[in-house]
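So the structure is just underneath, and the comments pick up after that.
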Amino acid sequence: MCIHQLNLLAASNNLPISNFLGKQHPIEAHHLSSICDIMEKAMVNGDTCIIRCILVVFQVVFKFFFSPQTERNRDIVRRSGLLLWQLLMAPRDQICSEIQKEVCLAISSGLNILYPGEAEINNLLKLVLTEGENRNSGLSQLRDVILTNLAEQLQNNRFGSEDDDHYRLNDELLHYILKIVVRESCVLITKCQTVSKDDFQRLLSTVPAASSCLRYLMAVQNHLLSNTILIKPDDNDDSDTSLQGETLKVQELKTSILSLATQILTGCDEVLEMLQQVTTALINSDISDREQRLKGLEQITKATMLGHLLPVLLTSLMHPNLQTLTMADALMPQLVQLVLYTSQTALLLKTQSPVFSELNSSPSCAPEQKGKQLPDERMLEEKEEPGFLTGLKIPAPWAAGKTVETVHPVRDNYKFKETVHIPGARCLYLRFDNRCSSQYDYDKLVIYAGPSTNSRKVAEYGGNTLGYGSRSVLGTGWPKDLVKVEGDTVTFSFEMRSGREHNTPDKAMWGFACTVRAQESSEDVSGGLPFLVDLALGLSVLACSMLRILYNGPEITKDEETCQELLRSKLLQRCQWQVEANGVISPALTPSPSPLPLTIEEDREFTYPSDVLVPPVGHYFDLPRIRLPPGIMIKLREISGRARPQFRPSIK
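Shown next as structure tokens:
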């Protein structure tokens, strides 16, 4: 156990022991061979104690003291790998769970040594991902250990670094991981319908526990999204090479995010379909605890990929860096399908809630009142259909208020300043904590109705009534009722001017805490929306944003901005444009006897086919002509080499 503790301590990069172990010389091959001999003998004798100790030794050796440079070392590594694999694949009745766990930790610690090539690691991961649930429990445990370790390393790694390709698996392996996550999510949701009442209560007490596959997907998603949103070019390097490198990195990130987002949305679509089926089955069932299961279904759903992956993805896709035409074009069909699934399932759950039932239930006098309604009112009422937002109050961002407070207790020379702005508020209401106090009355808080201390002063408070310091308060003392501030902005400025006296307790220097709201009472403060309703709204907002991008089309290029005057000219407005089979935009055949060629690209000039040069049959000379200025006509004649026609008077 001492060696095991040493291994755990060495795993931390911030401890001195890690640097010490990292500087040690590699272990020699014959020493590792002796360790393998001890392991083989212990396996023959069935000595579990020695086996566990040697497995811990393997973990330390693989991590710090071994480098397979020579052929002899590689032979010893292969021998070690065979011993570990033999223990891993042993039947469950021949190996205890503790030894199996240590084997997985040893293989994970020496992953790059036991499997030096990228292809070998990918083959191992493919094996544990595809056969982990079927062949052996050791494979599934090895999968969990490896993915957990990769997830932890990926969270501390920056995109594009040397280790990024090692920690971030290829698309094929990610596809296998996503399939496992989708299957786990569907199984978890199905249990809400199939397990017994006691097992369902135990299930509620275990969620939200993310599996190793789900944790790895979360790490990959956060790794890509955070680097895309937070990436900033180097301000000190203005070279073209640096800018080109940053652009390539951003494009690579966006491509990776698009691929991952497409797979995640596809998986969420399958999970939501299963959720809708389970919800419908529970509603139509006659089990005794149906209401409890429907309430717990939302909590279970949060433990799936719908709760761990989808909300973060939706929020990140609203960032300007990811609001692109390519993203919108690729993700829009999936977003629409997800909006339908979430809104329909949220409506199903809504119809079973007591609030919705009360809204839809009519009192005994309802038939009489309904009979007295006008025909127009009855027609309007028949057209109304309850949606998933019926009876719900969408909480305003400022409903819960914003808390502004100092440190507790305040220290000498402490200064505090903060401004709270709630857009659209006519006035703000401040509620102070009843523990507010300062040592002297000149250690005070000043409140301003505006964005700075130059704004109008509203009030100032300071001192305490606890018998310490000044033994008095400023003015009427710290407010116990609401303080009203006109406008949508308030600024707090607190300064500790006195030094703390030796007999002043913490409660006399507690500082202040204040909650700012845009409404007078906190009765309307909501606990938030149900999870599926919130998810449906988030998907709807993202879908509308992507739809706006698709409607606006590509951004205006610099060449188009430069040619704005030319593009607005009446001469080009008369052209009828068409898209050819190869995607090139060209002018359609216009009623003109001599169509001019149009330059589509700078290095290529558009030319008409020979058959197009034939004027169409019809009254093509009847269209109104655009009269060009004489100066332009003179230039056109000079360029074309054609002189102005001379009209000779006719001789009668």
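Quick note: the sequence shown uses my numbering, first residue -19, plus one each step. Cβ coordinates follow ideal geometry from the N, Cα and C atoms, glycine included. None of the values given here were measured: they were computed from a predicted structure.
What do you get for residue i, buried or exposed, if any count of 16 or more other CB atoms within 10 angstroms of its CB means buried?
i, result
"Cys193", "buried"
"Ala623", "exposed"
"His299", "exposed"
"Cys33", "buried"
"Tyr441", "buried"
"Val438", "buried"
"Arg617", "exposed"
"Asp468", "buried"
"Leu67", "buried"
"Met613", "exposed"
"Leu519", "buried"
"Ser60", "buried"
"Thr386", "buried"
"Ile536", "exposed"
"Val521", "exposed"
"Asn129", "buried"
Of all the options the options, which has the alpha carbon lying nearest to the alpha carbon of residue i?
i, options, result
"Leu320", "Asn102, Ala516, Ser77, Gln39", "Ala516"
"Leu446", "Leu425, Lys229, Lys487", "Lys487"
"Thr281", "Thr537, Ser418, Ala70, Ala190", "Ala190"
"Thr284", "Leu184, Gly367, Ala261, Ala623", "Leu184"
"Ile87", "Glu98, Leu119, Arg72, Asp73", "Leu119"
"Val40", "Ile15, Asp27, Leu509", "Ile15"
"His10", "Ile34, Gln303, Asp55", "Asp55"
"Tyr422", "Phe396, Ser450, Gln272", "Ser450"
"Trp490", "Leu522, Ser417, Ser620", "Ser417"
"Phe42", "Gln74, Pro510, Cys84", "Cys84"
"Gln257", "Leu205, Cys172, Ile18, Leu527", "Cys172"
"Thr331", "Leu204, Leu262, Arg548", "Leu262"
"Asp514", "Thr322, Val387, Pro610", "Thr322"
"Gln419", "Glu466, Gly479, Phe412", "Gly479"
"Asn103", "Gln121, Gln80, Tyr156", "Tyr156"
"Thr325", "Gly381, Asp269, Val387, Asp249", "Asp249"
"Val108", "Leu318, Ile267, Leu154, Asn434", "Leu154"
"Leu297", "Val251, Ser268, Lys395, Ile244", "Ile244"
"Leu327", "Thr456, Ser206, Leu274, Leu294", "Leu274"
"Gly381", "Ala405, Thr484, Arg477, Ser432", "Ala405"
"Ser239", "Ile267, Asp151, Val175, Thr295", "Asp151"
"Ala131", "Leu527, Ile75, Asp309, Arg195", "Arg195"
"Gly443", "Ser435, His482, Arg436, Phe492", "Phe492"
Tell me the rounded alpha-carbon separation between residue i and residue j.
i, j, result
"Gly90", "Glu111", "21 Å"
"Met254", "Ile31", "45 Å"
"Gly276", "Glu98", "44 Å"
"Thr170", "Ala70", "32 Å"
"Ser117", "Val161", "18 Å"
"Asn136", "Leu197", "15 Å"
"Val316", "Cys166", "21 Å"
"Ile529", "Leu369", "26 Å"
"Asp124", "Leu311", "31 Å"
"Glu271", "Ala429", "50 Å"
"Gln231", "Leu210", "14 Å"
"Glu338", "Gln499", "With a pLDDT of 45 at Glu338, under the threshold of 50, the modelled position of that residue is not reliable, and the figure given next carries that caveat. If you take the alpha carbons of Glu338 and Gln499, they lie about 28 Å apart."
"Lys424", "Asn393", "12 Å"
"Ser13", "Met23", "15 Å"
"Leu408", "Glu540", "48 Å"
"Ser265", "Thr174", "11 Å"
"Thr433", "Phe396", "12 Å"
"Gln303", "Asp179", "44 Å"
"Trp458", "Asn301", "47 Å"
When the distance is taken between beta carbons, is residue j closer than 8 Å to residue i?
i, j, result
"Leu127", "Gln201", "no"
"Leu512", "Leu329", "yes"
"Val496", "Val390", "no"
"Leu647", "Val453", "No answer is possible for residue 647: it lies beyond the span of the chain, which begins at -19 and ends at 632."
"Gln314", "Thr246", "yes"
"Val36", "Glu82", "yes"
"Leu134", "Ala199", "yes"
"Thr208", "Lys177", "no"
"Ile18", "Val57", "no"
"Pro510", "Glu278", "yes"
"Leu204", "Ile237", "yes"
"Asn532", "Lys460", "no"
"Phe412", "Cys494", "yes"
"Gln121", "Gln181", "no"
"Leu149", "Leu105", "yes"
"Leu252", "Leu305", "no"
Is the shortest distance between the beta-carbon of residue i and the beta-carbons of chain B less than 8 Å?
i, result
"Gln80", "The chain inventory of the structure shown lacks chain B, comprising one protein chain alone."
Review point. Quick one: any contact between the region 390 to 405 and the region 461 to 481, if contact means 3 or more CB pairs under 8 Å?
Key: yes
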